[in-house]
Every structure is written in structure tokens, then in C-alpha cells.
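Letter 133 of the sequence shown, counting from 1, is numbered 176 in the numbering used here, and no numbers are missing.
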Amino acid sequence: MPQLTRADWPPNLDDPEAMKLVRGLGTILAMAMLTAAGSTQDKPRVKQADLRDESIVLCGDGLTGSDCQMARGLMRLALKRLSTSIPDWRIVVVAQSRWNEVAAGFRVKPTTPAFSSPGIRTTYVEGNLLSQDARIDENLQRYTPLTGLNKLTWIIAHEYGHILCETSDERKANAAAGRLIYGRGEVCR
44 MPQLTRADWP
54 PNLDDPEAMK
64 LVRGLGTILA
74 MAMLTAAGST
84 QDKPRVKQAD
94 LRDESIVLCG
104 DGLTGSDCQM
114 ARGLMRLALK
124 RLSTSIPDWR
134 IVVVAQSRWN
144 EVAAGFRVKP
154 TTPAFSSPGI
164 RTTYVEGNLL
174 SQDARIDENL
184 QRYTPLTGLN
194 KLTWIIAHEY
204 GHILCETSDE
214 RKANAAAGRL
224 IYGRGEVCR
């Protein structure tokens, strides 16, 4: 292969521009390699029927890329800890910057950490619930003294209690949440 010289470069491309081009192409190449590596890893074979038996976790506007992936992963971990799932139910993680707007759209107090809309089979969860921010834990003390993944699991179980028991009663939803977390047979009593 012949050795390239500066004369072989495109015209009007000086050293700083060349470095920008190299960095940009290097970044694109690195991202492509990471994406390809992630897609070629051994992934469990999932039957289509299995997908319908689980809730669908989505990210709302404002959560993208790795933030969305992390939010979806944490939510799936919390869901796996419950003794049941709700087929074809959507869970949308809403970015904190959009939470007040979304809550207002459903006429829900913005201090509510999560709420469900049975008519459209969707639960909305404030994205801050998935962070380790101590202020968020302080704000949630009136709902639960739990922290971290346990807190998130309890909140999702509480919402599932509302959904499965078809109730707006907070006490019934709390009781159902406990039965969902600890695997008790009859969730709604």
C-alpha cells in the first residue's frame, strides 16, 4: 500500500479540521462497535407469548439513551420481584422535568410518585424514583420508609394493587402490595 502524504488530503483540510474529522469518525466507529458487540452477545430466546405476559416498560420524553436503558432495567428488576405481572400493561418512566406536566394532564397531584390510568392500561412513574437521591426518599417517607429498589418495588406493587383489585382505596392497594411482594396467594381480599 502506498504511503499517503499531506498532498493526498482533500484540499482546504488543515490539521485542526483533520483532527476533528478523525475524532468524529473515531467516535462513530466506537459507538458502532459497542452496538454490534451488544447485539451479538448471547441473548436468551424469548417466545412471543412470554412477551405478552409481562408489562411493557417505556421511557417518556426526556429520558433517552443510557438514562432510558437504566430506567427500564431498574423497573424490570422491580417487576420481577412481584409474584405476578399484568399482561399488556405499559409502565412509562417519566423524566422529572416533565412530571408536573404529565401529572397535571391526568389531574393528579405532582407530589404523587406514580399513578395508573386503567382506561389506557398504563402506569406512570416519576423518573426520580429510580435515583438514589436522598431528597426523593425523604419526600416518599409518607408512602413508605423503604429505599432503593425495595422502595421502587413497593410503589409498583401498590399501583398493581390498585389495578388488580380495581380499587382507588389506598389501604386496599397497600395490602395488595404486601401480598404481591411476599407472594401470598389471593392478592385482593
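Quick reminder that beta carbons are idealized off the backbone N, C-alpha and C, glycines included.
In chain order, L192 place their CB closer than 7 Å to the CB of L120, counting only its own chain and leaving out the 5 sequence neighbours on each side.
Between the C-alpha atoms of E229 and A157 there is a straight-line separation of about 24 Å. Just so you know, the alpha carbons of R115 and I134 end up roughly 9 Å apart. Within a 10 Å sphere around the beta-carbon of A147 sit fewer than 16 other beta-carbons, which makes this residue exposed. Our two residues, E213 and T166, have alpha carbons roughly 16 Å apart in a direct line.
The C-beta separation of G105 from S140 comes to about 5 Å, placing the pair in contact by the 8 Å criterion.
Setting aside the 5 residues that flank it on each side, I206 is surrounded in the same chain by I129, W132, S159, P161, T166, each with a C-beta closer than 8 Å to its C-beta; the list follows chain order. In this structure, the CA atom of S211 is about 14 Å from the CA atom of T155.
Boundaries of the alpha helix (DSSP H) harbouring S140: 139-148, taken from the DSSP string. In the assembly as shown, C231 is an exposed residue. Its beta-carbon has fewer than 16 other beta-carbons within 10 Å.
Beta-bridge analysis with DSSP links C102 to V136. In the three-state reduction of the DSSP assignment, T154 falls in the coil class, being assigned neither a helical nor a strand state.
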